[in-house]
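**Q**
There are 2 protein chains.
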Amino acid sequence: MKFLIIGGDAAGMSAASRAKRNMPALEVTVLEKTQDVSYSACGMPYNIADRDAAVENLVVREARVFREKQGIDLRTGHEARSIDRAARTVSGTTSEGREFTLPYDRLLIATGASPVYPQIAGIRQPGVLALKSLEDGRSIKQWLSQRRVERAVIVGMGYIALEMCETFRLRGIEVDMLKPRPVFLPWMNDQLAAVVRKEVETQGVGVHLGLTPSAIERRGETLRVVSGGTALEGQIILIAVGVRPNSEIAAKAGLALGPSRAISVDPNLRTSDENIYAAGDCADALHVVTGRKAWVPLALRANRGGWAVGDHVTGRPAALQGIAGTAVFKVFELQVARTGLNWAEAEAFGFKPAEVVIESRSRAHGHSGNKTIWVHMTADKGSGRLLGAQMVGPEGVAHRINAAAVALHSGLTVEQFSQCDLAYAPPFGPVWDPLLTAANQLMRQL
Amino acid sequence: MKFLIIGGDAAGMSAASRAKRNMPALEVTVLEKTQDVSYSACGMPYNIADRDAAVENLVVREARVFREKQGIDLRTGHEARSIDRAARTVSGTTSEGREFTLPYDRLLIATGASPVYPQIAGIRQPGVLALKSLEDGRSIKQWLSQRRVERAVIVGMGYIALEMCETFRLRGIEVDMLKPRPVFLPWMNDQLAAVVRKEVETQGVGVHLGLTPSAIERRGETLRVVSGGTALEGQIILIAVGVRPNSEIAAKAGLALGPSRAISVDPNLRTSDENIYAAGDCADALHVVTGRKAWVPLALRANRGGWAVGDHVTGRPAALQGIAGTAVFKVFELQVARTGLNWAEAEAFGFKPAEVVIESRSRAHGHSGNKTIWVHMTADKGSGRLLGAQMVGPEGVAHRINAAAVALHSGLTVEQFSQCDLAYAPPFGPVWDPLLTAANQLMRQL
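As they're listed, the protein sequences go chains A and B. Here the numbering used here is used: the first residue of the first sequence is 1, the next is one more, and so on. Here the numbering used here is used: the first residue of the second sequence is 1001, the next is one more, and so on.
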């Protein structure tokens, strides 16, 4: 049986490895348009911050290992362009311009996502860069090392933008960030978002809300992002307004698309064609809180989806529960985490949300080094069910959020969650964990 | 209505405050035999480590506040000695030797636990100290500040012993620990226990297993813990072999006792007498994994139990789910955490346990500062249900264990847990959280 995979990053290579391990006789071919496979894209902001670190440090497993040790037919420089579902073939072009057509019995589309480039005059010019692929990381690193970059402008304020503003500051670069919408971190409760904004501004970053860039102009070595009567200048411009799923090849083949035009998949990661799977940032997922499809392109789901496809292709049970939208990022001295729905999402999905924001502490009463942790929690007034949590703080946030994530997967009510026996020791938190304090207070509103 | 409470620490004062807030007209009286109320006992090792910190820093709320702001009749220096259930009275003696008898409509026994002093000749002499009450903390701190203490001997190796060996080392004191049993941290998986032992020994602590102390002898300023032909010397001896519930007053009154002679309580914290509650370290609890009673004297349960009693006494719903046995402690550079059952406990409670130990990492592939995290996980072969987890590592352990704790409360199978959407960012862990990696590997054995 021929198992063909389009895309050689997290989902694609996880599926390839898993399928080949499960069934060594399976012919597994991977088509990757770049020369890079299996790397930690999320690690790029930290790698770029360290001018001496090779970008290749982020490669998790080398192409050679997949080929020689695992027996996977890994073809880099192979860009898939179209799928013929009737003939069960994939056609494309190599980086040398040669055309190819390959047959499959089962196909996995793991094409990932690409940065969105907004419609701005001059956006496609040297020094205007985005960050998604390892090649993007190389480009940014080279740009920084080959010229004198004193200022950077970041278009967008999502988590990649925030991680990269820390990266630039660590390299001694002044940073301005701008975006058209007037709200900083709009998915976040406003009190928590204000804490993050204050941290970013305290680190000397210019935060410019409500500025819609109309053009990027060059003046010698300096680029100017023009917005109305003002302009922000830098020697590098980072475009970080978001990503979109690379689903064109699936759409062209007539496969069903879901939210945000991600490829629609069932719990076994099958598309609307039962011989074709999709996994990773190009595919959608079931959200365990809403029971509806959602598109949340994150690394764990990509890896998990790849494994599940590798299992299902080889005849093993592999149904996935879905996602809770759990995410964390670091920005300067803060950990910022979320899981589940925020208030507006809860309302949009038909819940009657109640919410609470609390300030708690990262260590016990009287323990030195104690810092503030903020928690936002949302629940449904009707059922009492926990719907989501958000946390911000300098310590004790990144892993704590997982307790709430497990509660969402388990469908716990706030009361049930409030009764969980969480760990306590003075160096690690108050007796009442901040999540429990939030749950205790939220119960009063239900 | 008269609500009488014996014991003024976590459970007692939580119940008093909650009941009074719920029902201001309630007459709430608290009998506390010492002069200290409402303090963070768990913080004492850290307070002792800092020679300049006042022990009183650990007081969460002062007696004055309970009396003047909350209207609680708080009587310190009042030791309850007996309960007359027929007459509904409690009798005792004040620190000045005056006898008292007080009536109650509802009674809460919140007498806590006391250190166990093993049968060793010479154990009751100056310089041989235990650590449970704030007064114990004062005594140890005074002893250390008033004389030249170069060496300490700790009898016992539980978490208080381990926390205190760090405390002594921080104060420049050499430490030897001994205990009769041949196994270091017997409740812990042996591979994880070996990691903890190595850390303790690396910090210069002498770990002496299989030594049964027979006598404590004094030679001038030095105390010698004698065991067979050997002796360990120090200017302070800490007795830390465990605690026992202060349940004598309940036993004398004919109330039912549970495991370890803790006072047996129902989900509403009622004893076998429906007018008498028990909460905190003197009371037992339902274990959510075994469905049986257990005695796990920890701070969160004490606080939660106090609140539940305060609610139930005032007519509010207050049933508690139970405990999962979740605990964490810090020893030098390690975080050590557990929740649920270990392999032996699982077998003893009739499960067919499978287990796995994995080594994972505290940060993502290629991220600087990456350290090893060890995870042990146990599940039931029959049902696939997750039964327990243990973790050791220098970071990312203390709060991660809570995800497993919530899974135990929710009765998740290992497979269900393995599918949870946990947070990922390179500074905080690998894409596959160490708990998920453990779950993935454990599933292969089910």
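Think of the CB as a built atom: it goes at the ideal place given N, C-alpha and C, for glycine as much as any other residue.
Less than 8 Å between the beta carbons of B/His1312 and B/Leu1269, yes or no?
**A** Cβ atoms of B/His1312 and B/Leu1269: closer than 8 Å.
**Q** Does any residue of chain B bring its CB to less than 8 Å from the CB of A/Thr76?
**A** A/Thr76 does not count as touching chain B.
**Q** So, A/Val375 versus A/Ala354, is the Cβ gap smaller than 8 Å?
**A** No, these two residues do not count as a Cβ contact at 8 Å.
**Q** Sort out for me which residues DSSP pairs B/Val1392 with in a bridge.
**A** In the DSSP output, where bridge partners are listed per residue, B/Val1392 has B/Val1336, B/Trp1374.
**Q** Identify the contact partners of A/Pro427 in chain B, using a Cβ-Cβ distance below 8 Å as the criterion.
**A** Under the 8 Å cutoff, chain B gives Tyr1046, Lys1330, Ala1398.
**Q** Using a cut-off of 8 Å between C-beta atoms, extract the partners of B/Gly1305 located in chain A.
**A** Neighbours of B/Gly1305 on chain A: none; closest Cβ ~11 Å, over 8 Å.
**Q** For A/Leu74, tell me which candidate among A/Ala256, A/Thr34, A/Arg85 has the shortest Cα-Cα distance.
**A** Taking only the C-alpha atoms, the option nearest A/Leu74 is A/Thr34.
**Q** Cβ closer than 9 Å: which chain A residues qualify as neighbours of B/Leu1320?
**A** By Cβ distance, chain A contributes Gln419.
**Q** Below 9 Å between beta carbons is the criterion; list the residues of the segment 367-391 of chain A that meet it against any residue of chain B, in chain order.
**A** Residues His367, Ser368.
**Q** Taking the runs of the alpha helix (DSSP H) that are 4 residues or longer, which of them lie wholly in the segment 100-188 of chain A?
**A** Fully enclosed alpha helix (DSSP H) runs of 4 or longer: 134-146, 159-170.
**Q** Keeping to the same chain, check which residues put their C-beta closer than 6 Å to that of B/Thr1413; ignore five residues upstream and five downstream.
**A** If we look at B/Thr1413 and ignore the five residues flanking it on each side, its Cβ neighbours are Gly1384, Arg1385.
**Q** For a quick check, are the C-beta atoms of A/Ala448 and A/Ala346 less than 8 Å apart?
**A** The structure shown has nothing for residue 448 of chain A, since chain A only spans 1 to 446.
**Q** Check the Cβ-Cβ distances between A/Trp432 and every residue of chain B, and say whether any is below 8 Å.
**A** Yes, A/Trp432 lies at the interface with chain B (some Cβ there is under 8 Å from its Cβ).
**Q** Between the alpha carbons of B/Arg1148 and B/Thr1437, how many angstroms are there, rounded?
**A** Between B/Arg1148 and B/Thr1437, the C-alpha separation is close to 49 Å.
**Q** For a contact meaning CB atoms closer than 9 Å, what does A/Tyr497 contact in chain B?
**A** No answer is possible for residue 497 of chain A: it lies beyond the span of chain A, which begins at 1 and ends at 446.
**Q** Taking the alpha helix (DSSP H) that A/Ile48 falls in, what are its first and last residues?
**A** From DSSP, the alpha helix (DSSP H) with A/Ile48 extends over 44-49.
**Q** Based on Cα-Cα distance, which residue from B/Gly1206, B/Val1356, B/Asp1036, B/Arg1244 lies nearest to B/Thr1076?
**A** Here the closest residue by C-alpha is B/Asp1036.
**Q** Would A/Ala327 pass as an interface residue toward chain B - the criterion being a Cβ-Cβ separation below 8 Å?
**A** A/Ala327 counts as touching chain B.
**Q** Thinking B/Phe1329 and B/Gln1203 are a contact (beta carbons under 8 Å), I'd like their distance in whole angstroms, please.
**A** Not quite, the Cβ-Cβ distance comes to about 15 Å (not below 8 Å), so this is no contact.
**Q** State the Cα-Cα distance for the pair A/Val90 and A/Gly310, rounded to the nearest angstrom.
**A** Going from the Cα of A/Val90 to the Cα of A/Gly310 covers about 19 Å.
**Q** Under 8 Å by Cβ, that's how I've got B/Gly946 and B/Gly1242 pegged, so tell me the actual separation to the nearest angstrom.
**A** Nothing can be reported for residue 946 of chain B, as the shown portion of chain B is limited to 1001 through 1446.
**Q** Would you report the Cα separation of A/Gly429 and A/Arg361, rounded to the nearest angstrom?
**A** Their Cα atoms are separated by approximately 7 Å.
**Q** Just reading off the beta strand (DSSP E) that A/Thr93 is part of, what are its end residues?
**A** Where A/Thr93 is concerned, the enclosing beta strand (DSSP E) stretches over 89-94.
**Q** In angstroms, rounded to a whole number, what distance separates the CA positions of A/Asn189 and A/Asn342?
**A** Computed Cα separation, rounded: 7 Å.
**Q** Does chain B have any CB closer than 8 Å to the CB of A/Asn22?
**A** It does not: the Cβ of A/Asn22 has no partner Cβ on chain B nearer than 8 Å.
**Q** Check each candidate in A/Thr212, A/Thr339, A/Gly369, A/Val289 and name the one with the smallest Cα separation from A/Phe349.
**A** The candidate whose alpha carbon is nearest that of A/Phe349 is A/Val289.
**Q** What residues of chain A sit near B/His1312, judged by a beta carbon separation below 9 Å?
**A** Within chain A, no residue comes near B/His1312; the closest Cβ sits about 14 Å away, beyond 9 Å.
**Q** Going by DSSP, what residue range makes up the beta strand (DSSP E) through B/Phe1417?
**A** Segment 1414-1418 is the alpha helix (DSSP H) holding B/Phe1417; no beta strand (DSSP E) there.
**Q** How many angstroms separate the CA atom of A/Ala110 from the CA atom of A/Val265?
**A** Distance between the alpha carbons of A/Ala110 and A/Val265 is about 12 Å.
**Q** What whole-angstrom Cβ distance do B/Phe1223 and B/Val1128 have, given they're in contact under 8 Å?
**A** In the sequence under discussion, the amino acid at residue 1223 of chain B is Leu, which differs from the Phe named in the question. B/Leu1223 to B/Val1128, Cβ: 7 Å. Contact.
**Q** Just to make sure I have the definition right: I need the residues of chain B whose C-beta is within less than 7 Å of the C-beta of A/Ser38. Which are they?
**A** Within 7 Å Cβ-Cβ: nothing; A/Ser38 doesn't reach chain B, min ~10 Å.
**Q** Let me confirm a value: B/Gly1229 is counted as buried when at least 16 other C-beta atoms fall within 10 Å, else exposed. Which label applies?
**A** B/Gly1229 is exposed by the Cβ-count criterion.
**Q** Check B/Arg1244 in the structure and name its three-state DSSP category.
**A** Note: B/Arg1244 maps to strand in three-state DSSP.
**Q** So B/Leu981 and B/Ala1240 are in contact, right, with Cβ under 8 Å, and what is the actual spacing, rounded?
**A** Residue numbering for chain B in the displayed model covers 1001 to 1446; residue 981 of chain B lies beyond these limits and cannot be assessed.
**Q** So is B/Val1183 buried or exposed if we call it buried at 16+ other beta carbons inside 10 Å?
**A** Looking at its Cβ environment, which holds fewer than 16 other Cβ atoms inside 10 Å, B/Val1183 is exposed.
**Q** Report the option in A/Ala152, A/Leu387, A/Gly366 whose CA atom is closest to the CA atom of A/Thr167.
**A** Per the Cα distances, A/Ala152.
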